[in-house]
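Let me begin by presenting the structure, written as structure tokens, before commenting on it.
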Amino acid sequence: MAESFVLNTGARIPSVGLGTWQIEHGAVSDAIYAAVKAGYRHIDSAVAYRNQKEVGLALQKLFEDGVVKREDLFVTSKLWPGNHAPEDVQEDLCSALEDLRLDYVDLYLIHGPIRIQKGTMFIPENLIPTDIPATWGAMEKLYHAGKARAIGVSNFSCKKLQDLLAVARVPPAVNQVECHPVWQQDKLRKLCQSTGVHLSAYSPLGSPGSPGYSGPNVLSNPVVISVAERLQKTPAQVALRWGIQMGQSVLPKSADRTRIGENFDIFDWSIPYDLMAKFSAIKQACIKTTFFFPSVLRAIGFLPMFVTTSIQGFTGEHHANENLSEFSMCREYRLLRMEKRTPEE
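1 is the number of the first residue of the sequence shown in the numbering used here; add one for each residue after it.
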């Protein structure tokens with residue numbers, strides 16, 4: 001299994017990267033340094049994570065110590081939702097580059113199909129309509145200028161991605177969404193494969209420790225555990241290896257040196273066909289949600305209507321609203337409290 005995937009730009013994205021969301025302040029630099037020493041070559045960051053300066057310090061130390069050269073690393077950053085105006089996109093990236101202490105990023109993503117007024121807090125009152133084509137036009141300029149070697153999106157549903165592909169001069173290279181054995185994003189994955197957009201998975205282990213999350217735990221799923229026992233690997237290694245064999249890069253997050261190493265130890269073995277087939281039997285989680293900010297979901301097109309406590313009867317394949325077919329909402333913004341259930345419940 002290759003340790004990287006080829007993007008539609010011709011560049012290679014490493015199969016495994018280190019996610020930096022929710023790593024505690026003060027631990028980010030050490031985690032990145034340990035990860036790169038262990039073999040990681042992709043560092044995933046974002047303005048929204050509020051730790052890019054620490055990421056930049058770690059990168060500078062790695063370069064100064066001769067651990068790696070800049071061209072050895074693949075660094076991702078993401079556009080803050082308050083900077084969607086075309087005239088603000090370049091400013092956002094320049095600020096990120098200053099924090100990261102870099103001249104360019106390898107990948108720059110629209111963090112989500114959602115926009116707030118510039119300079120405001122992320123609350124419903126500050127939501128304003130998006131103009132993704134206009135924002136994307138500004139992203140394309142950064143690509144042509146070489147400030148972003150590839151551009152893409154995050155948390156885009158099938159419908160949102162198709163809409164963008166219809167107008168983009170430079171097609172998105174990546175769609176970064178939540179994806180793991182309990183939320184396999186089959187429809188979205190197939191769309192990405194058919195259109196040449198690489199699917200990259202954040203929360204590839206399910207991120208059960210995230211604020212407001214409750215639901216099936218990937219690492220305690222019976223299929224994941226049985227495969228891990230059969231192969232004498234950890235459940236986390238199996239979940240990550242499953243993702244890579246499905247054709248997606250994975251972005252596990254950890255500040256623990258042992259886990260950082262274990263999460264990268266997935267290249268000299270594989271899950272055989274008969275065991276891979278078992279993952280298709282895992283019941284997929286549908287969304288049953290109590291919303292703190294229902295207007296946020298309406299604003300980005302995920303909710304045709306608001307039901308007081310839940311989306312009743314929603315199944316990913318059959319709900320009337322196409323945008324809900326792949327619920328790629330960004331938990332990173334802590335917008336909602338999420339409970340998942342299987343379609344049969």
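Note that the Cβ used here is the ideal one computed from N, Cα and C, for glycine as well.
What is the rounded straight-line gap between the Cα of residue i and the Cα of residue j?
i, j, result
"residue 231", "residue 271", "8 Å"
"residue 129", "residue 42", "32 Å"
"residue 223", "residue 252", "20 Å"
"residue 22", "residue 207", "10 Å"
"residue 200", "residue 280", "19 Å"
"residue 114", "residue 81", "6 Å"
"residue 20", "residue 28", "7 Å"
"residue 175", "residue 198", "6 Å"
"residue 152", "residue 168", "11 Å"
"residue 122", "residue 268", "43 Å"
"residue 109", "residue 202", "13 Å"
"residue 233", "residue 263", "11 Å"
"residue 347", "residue 7", "Examination of residue 347 is not possible in this model, given that the chain is present from 1 through 345 alone."
"residue 4", "residue 16", "8 Å"
"residue 248", "residue 111", "18 Å"
"residue 155", "residue 68", "31 Å"
"residue 159", "residue 235", "33 Å"
"residue 118", "residue 84", "8 Å"
"residue 282", "residue 184", "9 Å"
"residue 11", "residue 106", "9 Å"
"residue 221", "residue 189", "22 Å"
"residue 288", "residue 63", "With a pLDDT of 37 at residue 288, under the threshold of 50, the modelled position of that residue is not reliable, and no figure is offered here."
"residue 315", "residue 65", "Low confidence applies here, because residue 315 scores a pLDDT of 28, under 50, leaving its location unreliable; read the following figure in that light. Taking the straight line joining both Cα atoms gives about 51 Å."
"residue 308", "residue 71", "Per-residue confidence for residue 308 stands at a pLDDT of 27, beneath the threshold of 50, marking its modelled position as unreliable; the derived number appears in the next sentence. Near 50 Å, if we compare the C-alpha coordinates of residue 71 and residue 308."
"residue 148", "residue 74", "11 Å"
"residue 24", "residue 86", "32 Å"
"residue 88", "residue 278", "47 Å"
Taking the DSSP output, what are the residues bridged to residue i?
i, result
"residue 12", "6"
"residue 183", "180"
"residue 202", "178 and 251"
"residue 19", "44"
"residue 127", "116"
Compare the Cα-Cα distances from residue i to each of the options and report the closest residue.
i, options, result
"residue 273", "267, 245 and 285", "245"
"residue 170", "143, 176, 154 and 193", "143"
"residue 9", "205, 283, 140 and 221", "140"
"residue 135", "18, 275, 11 and 78", "78"
"residue 98", "127, 52, 117 and 73", "52"
"residue 18", "234, 218, 100 and 204", "204"
"residue 161", "192, 185 and 220", "192"
"residue 182", "219, 172 and 194", "219"
"residue 195", "221, 225, 217 and 164", "164"
"residue 146", "125, 76 and 103", "103"
"residue 166", "187, 90 and 137", "137"
"residue 50", "72, 26 and 71", "26"
"residue 47", "39, 261, 92 and 30", "92"
"residue 180", "60, 38 and 284", "284"
Could you check whether the Cβ of residue i sits closer than 6 Å to any heavy atom belonging to the ligand HEM?
i, result
"residue 9", "In the structure on display, the ligand HEM does not appear, and there are no ligands present to speak of."
TODO: Please specify which runs of the alpha helix (DSSP H), each continuous and at least 4 residues long, are wholly inside the region 133–181, giving them in chain order.
DONE: 158–167
Open item on the list: Using a Cβ distance threshold of 8 Å, determine whether the region 19–38 contacts the region 246–263, with at least three qualifying pairs required.
Closed with: Touching, per the Cβ criterion.
- [ ] Scan the region 59–117 and note each continuous beta strand (DSSP E) run of 3 residues or more that stays entirely inside, going in chain order.
- [x] 74–79 and 107–110
Open item on the list: Does the region 121–141 come into contact with the region 176–192, if we say contact requires no fewer than three beta-carbon pairs (one atom in each stretch) closer than 8 Å?
Closed with: No: the two stretches stay apart, fewer than three of their Cβ pairs being nearer than 8 Å.
Open item on the list: I'd like to know if the region 46–66 and the region 86–105 are in contact, where contact means that at least 3 CB-CB pairs between them fall below 8 Å.
Closed with: yes
Open item on the list: Please give me, in chain order, every unbroken run of the alpha helix (DSSP H) with length at least 4 that falls completely inside the region 223–287.
Closed with: 235–245, 257–264 and 273–276
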